[in-house]
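S.K.: Protein chains in written order, with the numbering used here: chain G, 192 to 460; chain L, 17 to 746.
Quick reminder that beta carbons are idealized off the backbone N, C-alpha and C, glycines included.
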Amino acid sequence: MGKEENINTPETEIKDDKTTNMDGRKDIIKVNNLVKSFGKNEVLKGISTTFKEGEVVCIIGPSGSGKSTFLRALNHLEEPTSGEIEIDGFDLSKKDVDINVVREHIGMVFQHFNLFKNLSVIDNITLAPVELKKASKEEAVANGMKLLETVGLAEKKDARPSSLSGGQKQRVAIARALAMNPDIMLFDEPTSALDPEMVGDVLEVMKRLAKEGMTMIIVTHEMGFAKQVADRVLFIDGGIILEEGTPEDVFERPQNARLQDFLNKVLNV
Amino acid sequence: MKKIVIKKKISFFLVFLLTLVTCLSCLSYLKIDNKDQKVMAAEEKIKPKKKEYSIVLDSTYAPFEFQNAKGKYVGIDVELIKAIAKEEGFKFTYKYPGFQAAVDSVSSGQADGIIAGMSITEERKQSFDFSDPYFDSGIEVAISKDDAATVKDYEDLKGKTIGVKNGTTSQEWLNQNSEKYGFAIKTFDDGDAMYNALNVKAVDGIMDDAPVLDYAIVQGKKFVIVGDKQPAGQYGFAVKKGKNPELVAAFNQGLAKLKANGKYDEIVAKYVGETKIKPKKDSYSIVLDSTYAPFEFQNDKGKYVGIDVELIKAIAKEEGFTFTYKFPGFQAAVDSVSAGQADGIIAGMSITDERKQSFDFSNPYFDSGIEIAVNKATKDIKDFPDLKGKTVGVKNGTTSQEWLNKNKGKYGYTIKTFDDGDAMYNALNVKAVDAIMDDAPVLDYAIVQGKDFVIVGDKQPAGQYGFAVKKGKNPELVAAFNEGLTKLKENGKYDEIVSKYVGGSSSEKSDDVDETTFAGLIKNNWKPLLVGLGKTLSLTLVSFILASIIGIILGLCAVTPIKPLRAIATVYVDVIRGVPLMVLVFFIFYGIPHLLNHPLNDYVAGVIALTLNASAYITEIFRGGINAVDKGQIEASRSLGLPYLKTMQKIVLPQAIKIMSPSLINQFVISLKDTTIISVIGVIELLQASKIIVARNLQSLRVYFIVGVMYLIVITLLTKLSKMLERRIQ
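#1: Please compile the residues from chain G whose C-beta is within a distance smaller than 9 Å of the C-beta of L/K666.
#2: If you draw a straight line from the C-alpha of G/R367 to the C-alpha of G/G335, how long is it?
#3: Considering only their Cβ atoms, is the gap separating G/I408 from G/L377 smaller than 9 Å?
#4: Mark G/F229 as exposed unless 16 or more other C-beta atoms lie within 10 angstroms of its C-beta, in which case mark it buried.
#5: Taking the alpha carbon of L/G322 as the point to measure from, which residue in L/I362, L/A348, L/I566, L/Q373 has its own alpha carbon closest?
#6: Anything in chain L within Cβ reach of G/V292, meaning under 8 Å, just list it in chain order.
#7: Between G/L377 and chain B, is the shortest Cβ-Cβ distance under 9 Å, so that the two count as touching?
#8: Counting contacts by CB-CB distance shorter than 9 Å, is L/L741 in contact with chain G?
#9: Please list the segments of the alpha helix (DSSP H) lying wholly inside the region 236-270 of chain L, counting only runs of 4 or more residues, in order along the chain.
#10: Exposed or buried, which one is G/L306 when buried takes at least 16 other CB atoms within 10 Å?
#11: Got a sec: is the Cβ-Cβ distance from G/I297 to anything in chain L below 9 Å?
#12: Determine the burial state of G/S327: buried for a count of at least 16 other Cβ atoms within 10 Å of its Cβ, exposed for fewer.
#13: Should G/D386 be labelled buried (16 or more other beta-carbon atoms within 10 Å of its own) or exposed?
#14: Just to confirm, is the Cβ distance from L/V157 to L/G198 under 9 Å?
#15: Look at the Cβ atom of L/S70, then the Cβ atom of L/K257, and state whether they are nearer than 9 Å.
#16: The alpha helix (DSSP H) with L/Y441 in it runs from where to where?
#17: Given that G/L268 touches chain L, what residues does it touch there, using C-beta distances under 8 Å?
#18: Assuming L/G488 and L/Q83 are in contact, meaning their beta carbons sit under 8 Å apart, how far apart are those beta carbons, in whole angstroms?
#19: L/P670 touches chain G at which residues, Cβ-Cβ below 7 Å?
#20: L/N212 to L/L493, Cα distance in whole Å?
#21: Mind pulling the chain L residues with CB within less than 8 Å of G/M371?
#22: Please classify G/M148: does DSSP put it in a helix, a strand, or coil?
#23: Cβ atoms of L/I201 and L/T177: under 9 Å apart, would you say?
#24: Keeping to the same chain, check which residues put their C-beta closer than 6 Å to that of L/N498; ignore five residues upstream and five downstream.
#25: Is the Cβ of L/K674 closer than 9 Å to any Cβ of chain G?
#26: Count the C-beta pairs between the region 383-390 of chain L and the region 452-471 of chain L that are closer than 8 Å, then say yes if the count reaches three, no if not.
#27: Three or more C-beta pairs closer than 8 Å, one from the region 436-454 of chain G and one from the region 262-278 of chain G: is that the case here?
#28: Within the 9 Å Cβ cut-off, does G/N199 reach chain L?
#29: Rounded C-beta distance between G/V410 and G/I250? I'm assuming under 8 Å.
#30: If you draw a straight line from the alpha carbon of L/T502 to that of L/K509, how long is it in whole angstroms?
#31: Going by the CB atoms, is the gap between L/F343 and L/G698 shorter than 9 Å?
#32: Since I believe G/P352 is in contact with G/N315 (beta carbons under 8 Å), could you give me their beta-carbon distance rounded to a whole number of angstroms?
#33: What does a CB cutoff of less than 7 Å around L/L628 pick up in its chain, not counting 5 residues either side in sequence?
#34: Which class does L/V699 belong to by DSSP, given the choice of helix, strand or coil?
#35: With H, G and I counted as helix, E and B as strand and the rest as coil, what does DSSP make of G/K231?
#36: For the candidate residues L/S366, L/L546, L/Q417, whose alpha-carbon lies nearest to that of L/F375?
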């Protein structure tokens, strides 16, 4: 495994204006009273919230709190037990809504990258656009190369996933999700499985994405990143949203005792 | 009448025709009377005392009762009793247990009535109450066609010699009338001899049962009937003496009505309409033993020869029937005929009462005996008593086996049963058994061919060999065989064939190639072995490809989120894996034809069985391979909007196939080895081909060594090839 490549794009100033006004933006995801049970175990106990177009939301909470399940429910990787999810005006509970079409608009990045081991890097990226007839093979490859450049991995296009480091894998996974030109990006603990020195490269890519105005919902333990990038932070515990607000509100003026407790544990290690 | 008593299967066509003519001549008169009879009948309507009467019939006694091609019982008795039941408003259930069982069940009160071509005799009247006779049988005299101008009636028989079978009604009649008409009587022990005697004019005339004689003439004998048919008994419906009188009354009344309204004639005519042996099929399939010299065996050129082979070919030619031949081995041949896979069997098969339960036999074509052989090196066995404590080998289902079982207590040996002759002969060769018992011609032939065996003890009578068909099926085939056999015996062709094989000079023995060396064996047998290998490979490849297709589909079903599909895959795998391959093979080859009512090609049956078997294992391999691909990749693919099947196709299967390729190669090798099991139904793959060679030259050690090496080479090559492919995939 080689050492991490530096991202070739010039350092851009990170979005620091955490008081971006979201009021004028339209709602892109509406979640109403979402419940998910695994057998008798109720993991989500009625979550209602709304995500606006271009909003960057970080979801924090202790492990087992249901935050990943909530994220996975948004594109129906987990079938909700009850409640409604509306994405881009599609009500996912309706039978006539083709979940595959909805998923084309939602990119997802996983903790364990989940690259297709039988395909090269560029094939990982072009598979979906080509198979779903979003682009010709040539267009897809051209677009894929652009995306690889933005994540700093252009020279790895023919590499096998097994030859990449964790950070490289995750950046390829982001490029793969972006290749479908999604409206929303879901990140499920994207840096949790990475060695600490590789976290930065991945977060860098995500920051740039946020700055470009992508709607992002991120389950993360990177509190610093959340503070810096998020428009809003949700604290989920026990399957419900216990507190939400701007990063300042949540991190500096936590109201809920469990949030306070959680932040204490995470921030003061 | 002997013929009736022993229930020989003979068609009574001309008798029916005579009856028909008589009845037809009365028909117009009867039709006028029809109405009056009905009125009369209505007045004395007989009431059933039971809700349902049970009627028993013979199981096969064409044309009175027999199964038609669709397996349904038909025949004069069947239709008559049904028509009478309908006429009289009686309800019946029917059973076809066979003649003796039918008689017994009525006399024991198990059944209420019997109609089974049963002659009305004084003796039987002691235990049964008979209805009015419903059918007349008779006896008659036939002479050569050449004498038809001079001999026209019984009076013309003066000074002539009349042949007759011993112990028959015909004999009684001739004895009573010999003085009156002034003829001499010559007695024969069997029909064939008597018919031959008339053929060669050793006698001037013969007397026999009318249906038999008529049938012979229809079948082409150059005989003519002289004089009137003599009454020789009638068939009646019967109940147990003193029981169910209303049933007899109803039968009589119904019979009268049927005769009056023409229905009786209709029924009889339906079954006696056909009077010539005509092939009913374009081609009959005949099965033979695979290795039963001198009756059937491959000569050193790989061609099947032997008494049975030449006989059936000569008869087929004589009778204008078209046959296909197969040599699946004795047990497989017997099974195929009883399963309806094949139409007839000629395989040095002894005519036994037990077999008569399931087969209809031709006239015997060979008188056999059975005897015991020991290895020449064995000095302590000189006669049957010396067998005490020894092991005697025998082929399963043979007369020898019966004899051994019967005399086991007397001589104190143990019996080891073999499925085919090779195995048994080899066992004696290597002294795995101390002695073997087999048919005398076969053992004699083996010794002539150089086996180091000696015969001990006396030859035991073992009856006669017959050609056989499934009971009630293909009666025309038996008739054709009988007729053809008679012709061959007449024209000397039969003796020619038999003497060729057992007449002493073993002209078939190969002397140009020494088969006791590997070089000689290979030089002489490479062709059949390669053909067998080709069959083995084609069985393997075809079944493996089909099994892979089924395996992929069911493997996908096994991992699908859809529950019913998963259940189907699970049940399929459990069922197929739970049945031994050989049982599966037997079930498919012998069982399925019963369902389809159509024989199944042995190769096809083999492919089906191998495919089913391998597909279950391949399904499991696929299931395991697919499950081994991590779920995260599936989720990633689905999150991109790729549908389930697309995900399977593009992401999961390519990886799964890599994961499972070692298991698939392994399964392929197992499948190739499994093809040897298909030899049990007579497919000549490599093993069966080698068994056939061993049967001829008895070189089991060398031949099986060669075959083992062939399997080893092929499997090693294929494994190497697969490994190379596997590496290229990786």
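M.R.: Result, derived from the coordinates:
#1: F307, N309, L310, L318, E322
#2: Their Cα atoms are separated by approximately 8 Å.
#3: yes
#4: Counting every other CB atom within 10 Å of its CB across the protein chains shown gives G/F229 a total below 16, marking it as exposed.
#5: L/I362
#6: G657
#7: No chain B is present in this structure, whose protein chains are G and L.
#8: no
#9: You should have found no qualifying run.
#10: Classification for G/L306: buried.
#11: Answer yes: the Cβ-Cβ gap between G/I297 and chain L drops below 9 Å somewhere.
#12: exposed
#13: exposed
#14: no
#15: no
#16: 437-445
#17: Per Cβ cutoff of 8 Å: E651, R654, S655.
#18: 4 Å
#19: Going along chain G in sequence order, the residues near L/P670 (Cβ under 7 Å) are N309.
#20: Looking at the two C-alpha atoms, the distance is approximately 21 Å.
#21: L656, G657
#22: An answer regarding residue 148 of chain G cannot be provided, because it is not within the stretch 192 to 460 covered by chain G.
#23: Yes, Cβ-Cβ distance for L/T177 and L/I201 is below 9 Å.
#24: S378, N379
#25: Yes, because at least one Cβ of chain G sits closer than 9 Å to the Cβ of L/K674.
#26: yes
#27: no
#28: Low local confidence applies: a pLDDT of 43 at G/N199 is under 50, so the model's placement there is unreliable, and no value is given.
#29: About 5 Å; that satisfies the 8 Å criterion.
#30: 10 Å
#31: Yes, the pair counts as a contact, with Cβ atoms nearer than the cut-off.
#32: 7 Å
#33: I592, L600
#34: Reduced to three states, the DSSP call for L/V699 is coil.
#35: coil
#36: L/S366
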